[in-house]
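Protein chains in written order, with the working numbering: chain A, 10 to 266; chain B, 219 to 232.
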Amino acid sequence: MFEARLLRGSILKKVLEAIKDLLTQATFDCDDSGIQLQAMDNSHVSLVSLQLRADGFDKYRCDRNISMGMNLNSVAKILKCAGDKDTVTMKAQDNADTVTFVFESPNQEKVSDYEMKLMNLDLEHLGIPETEYSCTIRMPSAEFARICRDLSQFGDSMVIACTKEGVKFSATGEIGSANIKLAQTASVDKEEEAVIIEMDEPVTLTFACQYLNYFTKATSLSPQVQLSMSADVPLVVEYRIQDIGHIRYYLAPKIED
Amino acid sequence: SKNQKGIVGFFNKQ
């Protein structure tokens with residue numbers, strides 16, 4: 010028996026919004042530590058890694074490890090039926106070929122259940138090595154979303170250049186060029202609003218705007234986003250989900266052959 | 219010009 014109950018059901022709604030444009034299907038791997046999902050987009054340029062820890066749920070039970078392959082479009086449709094304040098419970102029997110989502114309104118007056126067929130997905134699983142990154146940038150997630158949106162008007166690619174002074178986002182295209190510089194916040198009153206840079210070596214990398222814009226669909230999950238970069242390795246864009254886990258997006262850089 | 223790399227080349231298949 011698998012059962013995961015979350016009073017803050019809107020978290021699951023937001024998680025689906027954060028992955029459904031990038032992934033069409035994915036496997037939710039459940040064990041007694043929680044729920045993990047790892048999947049590449051169709052073009053195999055980016056990778057999504059989601060972790061929801063068991064202790065972040067209001068009730069969590071997983072008697073046997075189960076892997077539930079799901080069509081994410083279908084899951085998104087179902088979760089759209091949940092109210093923002095609803096409690097959401099996912100449950101499945103051992104070896105089941107369906108998963109059930111139960112939504113309860115705060116006053117328990119409305120209870121809905123949606124049963125969905127599971128899929129057998131044979132997806133490649135990648136091992137992500139432990140990496141010490143040359144630069145990590147923490148900044149407000151809404152600011153990052155704004156920058157990605159603004160710069161994608163100028164070109165398909167965005168250059169992210171991080172030095173100890175700050176971080177510069179640039180794009181160039183037919184209509185001209187755009188540069189946005191963010192300085193490290195001098196004094197941090199509210200950490201959520203700060204730009205904080207940790208840098209061992211300066212790094213400049215180029216990324217496809219389209220994917221960065223997909224990643225920013227996670228903005229509502231966290232007030233802050235963390236970007237981690239090293240030369241010639243994938244960028245990590247991480248949104249921490251309060252008290253329960255994180256969603257990380259890995260994006261391969263564009264590099265000279 | 220720069221080319222888009224795939225993600226698989228950076229990580230190990232399991």
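Each residue gets a CB set at the ideal place from its N, CA and C atoms; glycine is no exception.
Give the single residue among Asp106/A, Phe110/A, Asp50/A, Cys71/A whose Cα lies nearest to the Cα of Thr98/A. The residue you call residue 98/A lines up with position 89 of the first sequence. When each option's Cα is compared against that of Thr98/A, the closest is Phe110/A.
Burial state of Ala240/A, where buried means 16 or more other Cβ atoms lie within 10 Å: Within the first sequence, residue 240/A is the residue found at index 231, counting from 1. So Ala240/A counts as exposed.
With distances taken Cα to Cα, identify the nearest neighbour of Ala47/A among Ile206/A, Asn74/A, Thr36/A. As a first step, residue 47/A is located in the first sequence; it is residue number 38 there, counting from the start. The sequence shown places Gln at residue 47/A, rather than the Ala named in the question. Comparing Cα-Cα distances from Gln47/A to each of Ile206/A, Asn74/A, Thr36/A, the minimum goes to Thr36/A.
Using the beta-carbon of each residue, which ones in chain B are nearer than 9 Å to Glu133/A? Taking the first sequence and counting its residues from 1, one reaches residue 133/A at position 124. Within chain B, the residues near Glu133/A are Val226, Lys231, Gln232.
Give, in chain order, every residue of the segment 102 to 136 of chain A whose Cβ lies closer than 8 Å to some Cβ of chain B. Glu133, His134, Leu135, Gly136
Start and end of the alpha helix (DSSP H) containing Thr220/A? Sequence index remark: in the first sequence, residue 220/A carries index 211 (1-based). Here the sequence assigns Tyr to residue 220/A, which means Thr is not the residue at that position. Per DSSP, Tyr220/A belongs to the alpha helix (DSSP H) from 218 to 224.
For Leu191/A, which of Pro149/A, Asp165/A, Ser229/A, Leu135/A has the nearest alpha-carbon? The residue labelled residue 191/A in the question sits at position 182 within the first sequence. Answer by Cα proximity: Pro149/A.
Give the interface partners of Thr87/A over in chain B, defined as CB-CB distance under 7 Å, in chain order. As a first step, residue 87/A is located in the first sequence; it is residue number 78 there, counting from the start. Strictly speaking, residue 87/A in this sequence is Ile, with Thr absent from that position. What Ile87/A touches in chain B: nothing, since even the nearest Cβ is about 29 Å away.
Can you tell me whether Asp95/A is buried or exposed, with buried defined as 16 or more other CB within 10 angstroms of its CB? Within the first sequence, the letter at position 86 stands for residue 95/A. By the neighbour-count rule (16 or more Cβ atoms within 10 Å), Asp95/A is buried.
I'd like to check one pair, Val242/A with Thr145/A: are the Cβ atoms closer than 8 Å? In the first sequence, the residue the question calls residue 145/A occupies position 136. In the first sequence, the residue the question calls residue 242/A occupies position 233. Against a cut-off of 8 Å, the Cβ pair of Val242/A and Thr145/A comes out as no contact.
Count the C-beta pairs between the segment 245 to 257 of chain A and the segment 43 to 62 of chain A that are closer than 8 Å, then say yes if the count reaches three, no if not. yes
Taking the runs of the beta strand (DSSP E) that are 3 residues or longer, which of them lie wholly in the segment 50 to 82 of chain A? 55 to 62, 68 to 71, 75 to 80
Within chain B, the residues that Ser55/A reaches when beta carbons sit closer than 8 Å: Residue numbering aside, residue 55/A sits at position 46 when the first sequence is read from its first letter. Near Ser55/A (Cβ distances below 8 Å), the residues of chain B are Ile225.
Near Gly18/A, what residues of its chain come up, given a Cβ to Cβ distance below 6 Å and the 5 sequence neighbours on each side ignored? Counting from 1 along the first sequence, the entry for residue 18/A is found at position 9. These residues qualify, in order along the chain: Ala91, Asp95, Thr96, Val97.
Within the 8 Å Cβ cut-off, does Tyr259/A reach chain B? Against the first sequence, residue 259/A aligns to sequence position 250. So yes, Tyr259/A belongs to the interface.
Would you kindly work out how many angstroms separate the C-alpha atoms of Met167/A and Glu174/A, rounded to a whole number? Taking the first residue of the first sequence as position 1, residue 167/A is located at position 158. Taking the first residue of the first sequence as position 1, residue 174/A is located at position 165. Straight-line Cα distance between these residues: approximately 19 Å.
I need the DSSP call for Lys23/A, collapsed to helix, strand or coil. Working through the first sequence from its first residue, we reach residue 23/A at position 14. Lys23/A: helix per DSSP, three-state reduction.
Should Met238/A be flagged as near chain B, meaning a C-beta pair shorter than 8 Å? Counting from one through the first sequence, the residue named residue 238/A turns up at place 229. With 8 Å as the cut-off, Met238/A does not count as an interface residue toward chain B.
For Tyr69/A, which residues from the same chain have a beta carbon less than 6 Å from its beta carbon, with the 5 sequence-adjacent residues on both sides left out? As a working mapping, residue 69/A is identified with position 60 in the first sequence. Closer than 6 Å at the Cβ level, and outside the excluded window around Tyr69/A, lie Ala13, Ala63.
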